[in-house]
Amino acid sequence: MGAGDGALRETRTVTTPQSAVRKAVIPAAGLGTRFLPATKAQPKEMLPVVDKPAIQYVVEEAVAAGIDDILIITGRSKRSIEDHFDRQFELEHHLTQAGKTEELHEVLDLAELADIHYVRQGEPLGLGHAISVARKHVGDNPFAVLLGDEFMAKESTLLPDMIKIHAQYGRSVLALQEVEPAEIKRYGCAKPERISDTLVQILDLVEKPEPAAAPSNLAVMGRYVFTPEIFDKLEKVQPGVGGEIQLTDAIAMLLADQAVYGATFEGGRYDTGTVPAYLETIVELALLRDDIGPEFGRYLLDACRRHGLADG
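FYI, in the numbering used here the residues of the sequence shown are 5 to 316.
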């Protein structure tokens with residue numbers, strides 16, 4: 005697959021009345037089988053990362069980027085996600101009576117983060133299908149997609165930068181990060197044409213290539229800003245293995261019609277998609293906390309020594 009001739013080097017500024025990105029879609033309908041049995045009765049997205057569920061970090065990231073309308077794609081047994089971002093009057097009453105003002109404000113703020121909506125995917129037919137069910141809610145507006153099992157550090161400007169790129173060019177933008185050559189086969193890989201230090205035009209996408217065949221070491225990460233034309237492409241994608249609709253296939257079709265850009269970034273990404281990555285994220289965030297970091301760090305160092313993983 006290659007980009008259409010009209011898409012290559014299309015770097016003109018496009019200004020449209022719908023250029024502002026105010027909507028986000030968070031796919032959270034996966035079965036979380038990597039975390040069984042913990043996810044048998046609770047969503048993977050609700051597993052705690054220190055003292056907040058993973059999906060709360062994702063929602064807060066979207067809100068910090070100026071997005072105030074969020075659609076979460078859920079599935080069966082995901083009701084606790086809705087409950088988490090809703091009011092809970094019994095808890096609020098208990099905290100009020102107990103004089104726990106700080107905790108009360110935290111739970112009240114959750115319900116005021118943004119206008120959060122929910123729709124069920126129905127069947128686990130892949131990421132592309134999950135995004136496609138957002139069409140009625142998104143309409144003809146550009147929108148961001150934030151995968152529910154990863155999030156960026158608070159100081160990261162990745163999503164705001166992607167929104168700015170979309171506002172300038174009026175086109176879709178993917179988040180790209182350099183990975184080790186041996187790791188590229190785990191990701192979608194971009195063939196880039198460099199525009200600036202942090203911006204490329206994507207000429208081609210290859211899904212999970214072998215290192216020797218990869219067009220670059222730029223991997224597609226779980227942040228996207230799409231033009232609404234992506235929905236038309238998703239409708240045309242033929243189901244693959246397991247009947248899944250692949251988002252990469254739809255982006256490939258989009259590349260043939262219009263330019264797609266990539267925002268490159270370094271660091272600041274936290275992954276909760278696998279058990280090892282989830283544990284690493286918890287450790288990293290716990291160590292950054294002033295209230296628990298120093299004591300937790302001392303414990304980790306002592307534990308590593310006791311298990312023969314550190315000297316001294």
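All C-beta atoms in this analysis are idealised placements derived from N, C-alpha and C, irrespective of residue type, glycine included. Computed from a predicted model, the values in this text were never measured in an experiment.
### Query
Is the region 164-177 close to the region 255-273, with three or more CB pairs under 8 Å?
yes
### Query
CB-CB under 7 Å to alanine 314, same chain, minus the five flanking residues each way: which ones, in chain order?
Counting from 1 along the sequence shown, the entry for residue 314 is found at position 310. Closer than 7 Å at the Cβ level, and outside the excluded window around alanine 314, lie Leu305, Cys308.
### Query
When you compare only the Cα positions, how much space is there between isoleucine 71 and lysine 27?
Taking the sequence shown and counting its residues from 1, the one referred to as residue 71 is at position 67. Taking the sequence shown and counting its residues from 1, the one referred to as residue 27 is at position 23. Rounded to whole angstroms, isoleucine 71 to lysine 27 spans 6 Å at the Cα level.
#### Entry: Counted within 10 angstroms of its Cβ, other Cβ atoms place glutamine 250 as buried (16 or more) or exposed
The residue given as residue 250 occupies position 246 in the sequence shown. Counting Cβ neighbours within 10 Å, glutamine 250 comes out buried, since at least 16 surround it.
### Query
Tell me which same chain residues have a C-beta within less than 7 Å of the C-beta of glutamate 4, skipping the five on either side of it?
Residue coverage of the chain in this structure runs from 5 to 316, which leaves residue 4 outside it and unanswerable.
### Task
Have a look at Leu289, Gly297, Arg310 and flag the residue whose alpha-carbon is nearest the alpha-carbon of alanine 58.
Within the sequence shown, the letter at position 54 stands for residue 58. Comparing Cα positions, the closest option is Leu289.
### Message
Taking the straight line between their C-alpha atoms, what separation do you get for aspartate 87 and valine 62?
### Response
If you number the sequence shown from 1, residue 87 lands on position 83. If you number the sequence shown from 1, residue 62 lands on position 58. Those two C-alpha atoms are separated by around 16 Å.
### Message
Would leucine 40 and serine 136 qualify as a contact pair, given that the criterion is a beta-carbon distance under 7 Å?
### Response
Numbered from its first residue, the sequence shown carries residue 40 at position 36. Numbered from its first residue, the sequence shown carries residue 136 at position 132. No, the Cβ-Cβ distance between leucine 40 and serine 136 is not below 7 Å.
### Query
Below 8 Å, can you find three or more Cβ-Cβ pairs linking the region 125-143 to the region 229-243?
yes
### Message
Is there a Cβ of chain C sitting closer than 7 Å to that of lysine 56, yes or no?
### Response
No chain C is present in this structure, which holds just one protein chain.
### Message
Assuming the contact rule is C-beta atoms closer than 8 Å, glycine 152 and glutamate 49 should be a hit. Round their C-beta distance to whole Å, please.
### Response
In the sequence shown, counting from the first residue as 1, residue 152 sits at position 148. In the sequence shown, counting from the first residue as 1, residue 49 sits at position 45. Confirmed, Cβ separation roughly 5 Å.
### Query
Out of curiosity, what's the CA-to-CA distance linking glycine 277 and arginine 38?
Indexing the sequence shown from 1 puts residue 277 at position 273. Indexing the sequence shown from 1 puts residue 38 at position 34. Cα to Cα, the separation comes out at about 8 Å.
### Query
So what's arginine 80 in DSSP terms, helix, strand or just coil?
Indexing the sequence shown from 1 puts residue 80 at position 76. Here arginine 80 sits in coil by DSSP.
### Query
If we count the other Cβ atoms within 10 Å of its Cβ and call it buried at 16 or more, is threonine 105 buried or exposed?
If you number the sequence shown from 1, residue 105 lands on position 101. When all chains shown are included, threonine 105 counts as exposed.
### Query
With DSSP run on the structure shown, which of helix, strand or coil describes arginine 91?
Position 87 of the sequence shown, counted from the first residue, corresponds to residue 91. In the structure shown, arginine 91 sits in coil (DSSP, three-state: anything other than H, G, I, E or B).
### Query
Exposed or buried, aspartate 294, counting other C-beta atoms within 10 Å across all chains shown (16 or more means buried)?
Numbered from its first residue, the sequence shown carries residue 294 at position 290. Result: exposed.
### Query
Are the region 209-221 and the region 110-129 in contact at 8 Å, needing three or more beta carbon pairs?
no
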